[in-house]
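Right, one structure below, let's go through it.
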Amino acid sequence: MKQLVLKYCLAAFLSLLISACGGSDNDSGTEDPATPGAMNVTINGLPDNQAASVSVTGPGNFSQSLTESALLSQLSPGSYSLTVNDVEIDNISYSGFDSSLNTNVSSNTTTEITLSYGAQSQSRGVISAFGSVIVNGITYDSDNALVTTDDTASGSDDDLSLGMQVTVEGLVSDDGEIARADSITYSATARGPVTEINLADAGFTLLGLEFLTDELTEFEGVEFNEIQVGDWLEISAILNGDSLLLATRVEKLTTTELTIILRGTVSNLDSNAGTFNLENMLVDYAGAEVSGVLSEGAEVKVSADTAPVNSELIARTVEVEQEDEFESGQSINLDGIINSFVSSQEFTVNSQAVTTTESTEYEHGDESLLALNVRVKVFGTLDENNILVARKIRLDKPGIIKVSGQVEAVDADANSLTVLNLTFTTDKHTHMKDKSDAKIKRFGLSELNVGDNVEIKAFEQETGFVIRLLTRHDSDASLAKLEGQVSSISDTSFVLEGVTVQTSEITEFESSDDEDLSQEEFFALLTLDDLIKARGQMQESGELLAVKVEFEEDDEDQVELKGLIDSFTSASEFTVNGHNITTDQATVYREGSESDLALEVMVEVKGIQGESGTILATRIDFDSDEAQDNEVEVEGTISDFVSATEFSINEISITTDESTTYQGGSSEDLAQGVEVEIEGLLQENGTVLAGKIEFEDEQETEITGTISNFVSATEFMVGEQAVTTNSATQYQDGDASLLADNLVVEVEGSLENDLLVAVKIKFEGAEKVKLEGSIDSFVSSSEFTVNGQAVTTNEFTRYKKGDEDDLALGVELEIKGTLDSSNTLVASKITFED
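Here the sequence shown is numbered in the numbering used here, starting from 1232 and rising by one per residue.
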């Protein structure tokens, strides 16, 4: 015991001694408190000047409420919790993208925290791009979204595609910059075989439903003019103001071993017979499994295993679907077509009632542009009457300016790119497609490279050209294309959407009726604001050196299709992509002739589709694998001759190389003043590389005119000149069998005793006749006379400002057509005069 006390006293003494000598670092004998930290809290996602509700708790019973962004200082180091509480603004509930968050604060540091609010939102619209999923201009994070389609109950955005009409539910910040998809639902409008195709209206019929397409329709596995009756398609569509469906996506299915799907509204319900109608389709559900209660007006999904017969579909299952209504308390985003219109304050979009107020904002237009069949995107909320009150309306303008060419510059950060020296910008609603071999699904400006070939459809705003649709292609096209309105005209050039288009001897000119024009005729017709298509080579000067310019077709009845001849009976009876084609004496052939028509030949057909569905070809172009888009022809006298590889014709620079061929001479015969005809390729610098040079015979005569007094291929007149042919005569765009009265031809040959012996004959087609006057004798709508000229009509005759029932004695008409062998005018177009 004494020993323990002694040790204790000794220890105490030593401790006091050390303390007295300054042996301790802590003069007070207690530890200093830690240096405080800070937390910078940024709150976004709410409308301007609206209060948030965020609770912050931490060490030492710290608690603080925030209604806006704030810097919290003098915080004790440790763990903090932030809770984002729901707020309601203008009857819309806003929640945090993260309802709570834990973080640590350290000494002498500022912790950065961002909290985002979003409104409960429902968005119906078309997928315009991916990254993750973009609908109605909003980029949704879809990583954790529940994706459902007709074929999967729990998928991912890999199951989604461009053009699909979807419903997205989730959170969206007030400015739309932050969005999270909780669920994405896609339901096909129809799936099944095509029964009818309407080329003139760019539409088709499937399962009794009529579908239209437009420039934004997304095609997968097929293009519109390749669709054939019997093809199986899956369609996503929206309703327009004419109660027709506009297809937003058309996918060709590679197998027919799929379930037929048809959605619609029940009508003519007959529970005793077990039938009802979906539009024009009779559905027999007597043996089907029915989910839900069928009633008149119910929305249903019908599934079937076999295609309909005589417009009757035998259902396997019928599912009554809940009416897809928006919910109050949500932000609503709706893409669609105005399908009923009373006023700018009372209309429907996709059958959803919409109204506007004085505070409604408009993008790309104003309320005066609201009308039936206008495509719009509406952003707003539901009122107590389930009417969508528009906060903002975006008018979806069509792509008036169309450009095809190589990307010259791209700036993804500025959302811009340059093509043909024109700068274009994208916005949140731009549709982006990659149809190159890369086939990038999440495709945007970041994936574009200088030199890529793109096709752009855009509209003009005060800020410049805004892209509606951008498509990247793999293309070997060397020429650029531009389509738009003329803003300035000079002697041989004009300005198209800011680009000067220069024409020359190498330029082909074409009217809106596909008629060839001279340069003089083209410019005589050209006026400001005309819609023109131009194709040519961009020059360093920024001008487009045109290979071809043409007036935009004003005939809405004109149809076009391209494909292989898949059945062939004769030159006047064959099919392309399943469409019946016929020809007549007025059909014009390019890069081939009637005799070249055969099975498996690739052709591009322009024509008129009659009521029977048959197409009368007004023009047939033969598509050669060897043909290049920069092929040109130059004819004239050599000038500025330097050498056989450097000279000019009509101010067009010409060069040759070792592959150039010669007819009627050689390279040594090239000289100043020599007459030649050249076929070649337009180079990037505007020079023509001659592929073939034909020397003109000074004794040769050339005439153009209409054939008359036709006896045989060796005896006929062209104008006032007697013409004959022989076995050496060459033909272009036709052959000897096509020679007949009233055909326009260009003849080159030599005169022998006042008889022109044709060396070459080029077919220009039947002589186009324009007749104005009143009907002075009338037998029927297909047999009458105007100013004494016999006129006939057929199923291919188009009517403007009237129809065939309006034809009668004394009616004033303008008639365009061609003369047949009996000199009767076959009317291709009849316009009724006011």
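Note that CB positions come from ideal geometry on N, CA and C, so glycine has one too.
Judged by DSSP secondary structure, residue 1396 falls within the beta strand (DSSP E) whose first and last residues are 1396 to 1403. In this structure residue 1640 is exposed. Its beta-carbon is surrounded by fewer than 16 other beta-carbon atoms within 10 angstroms. Here residue 1489 really is in contact with residue 1422; their C-beta atoms are around 7 Å apart, less than 8 Å. Minimum Cα-Cα distance from residue 1933 among the listed residues 1916, 1953 and 1921 corresponds to 1953. In this chain, residue 1393 is not harboured by any beta strand (DSSP E), its DSSP state being neither H nor E. For residue 1755, the enclosing alpha helix (DSSP H) starts and ends at 1750 to 1756. If only complete runs of 3 or more residues are kept, the region 1899 to 1945 shows the beta strand (DSSP E) at 1906 to 1913, 1919 to 1926 and 1931 to 1943, in order along the chain. Under the DSSP assignment, residue 1326 falls in the beta strand (DSSP E) whose first and last residues are 1323 to 1327. Distances from the alpha-carbon of residue 1350 to those of 1424, 1374 and 1561 put 1561 closest. Under the 8 Å Cβ criterion, the region 1762 to 1780 does not count as touching the region 1867 to 1880, having fewer than three qualifying pairs. By the CB criterion at 8 Å, residue 1897 and residue 1931 fall outside the cutoff. Apart from sequence neighbours up to five positions away, the residues of its chain that approach residue 1608 with a beta-carbon distance below 6 Å are 1367, 1566 and 1625, ordered along the chain.
Taking residue 1273 as the centre and dropping the five residues before and after it, the same chain places the C-beta of 1300 and 1345 closer than 6 Å to its C-beta, in chain order.
Here the alpha carbon of residue 1464 sits roughly 6 Å from the alpha carbon of residue 1424.
For residue 1517, the number of other beta carbons within 10 angstroms of its own is below 16, and it is reported as exposed. Pairing residue 1383 with residue 1390 gives a Cβ-Cβ distance under 8 Å. DSSP places residue 1371 in the uninterrupted beta strand (DSSP E) bounded by 1369 to 1371. Take residue 1861, set aside five residues on each side of it, and the residues of its chain with a beta-carbon closer than 6 Å to its own are 1709, 1710, 1912 and 1913, in chain order.
Taking the Cα of residue 2040 as reference, the smallest distance to any Cα among 2013, 2048 and 2059 is reached at 2013. By the criterion of at least three beta-carbon pairs nearer than 8 Å, the region 1716 to 1725 is in contact with the region 1753 to 1761. Closest in alpha carbon position to residue 1329, among 1632, 1338, 1276 and 1783, is 1276.
In the DSSP assignment, residue 1531 falls within the unbroken beta strand (DSSP E) covering 1530 to 1535. The region 1492 to 1509 makes no contact with the region 1468 to 1482, as fewer than three CB pairs between them are under 8 Å. Separation of the CB atoms of residue 1510 and residue 1439 is rounded to 5 Å, and the pair is thereby assigned contact status at 8 Å. Shown here, residue 1598 sits in a helix according to DSSP, grouped into three states. Restricting attention to 1853, 1854 and 1837, the CA atom closest to the CA of residue 1847 is found in 1837.
Distance check between residue 1908 and each of 1889, 1928, 1899 and 1917 places 1928 closest, using alpha-carbon atoms only. Note on the region 1276 to 1311: whole beta strand (DSSP E) runs with a minimum of 3 residues are 1285 to 1289, 1293 to 1297 and 1301 to 1306, in chain order. With fewer than 16 other beta carbons inside 10 angstroms of its own, residue 2032 counts as exposed. Given a length threshold of 3 residues, each whole run of the beta strand (DSSP E) inside the region 1957 to 2012 is given here in chain order: 1961 to 1963, 1974 to 1983, 1986 to 1997 and 1999 to 2011.
Less than 8 Å divides the Cβ of residue 1995 from the Cβ of residue 1977. Residue 1605 and residue 1665 have their C-alpha atoms roughly 27 Å apart. Rounded to whole angstroms, the gap between the alpha carbons of residue 1396 and residue 1431 is 25 Å. When DSSP assignments are scanned along the region 1445 to 1482, the uninterrupted stretches of beta strand (DSSP E) that are 3 or more residues long and fall wholly within it turn out to be 1449 to 1451 and 1463 to 1470. Cα atoms of residue 1702 and residue 1322: separation of roughly 41 Å, rounded to the nearest angstrom. Closest by C-alpha distance to residue 1970, out of 1945, 1990 and 1893, is 1945.
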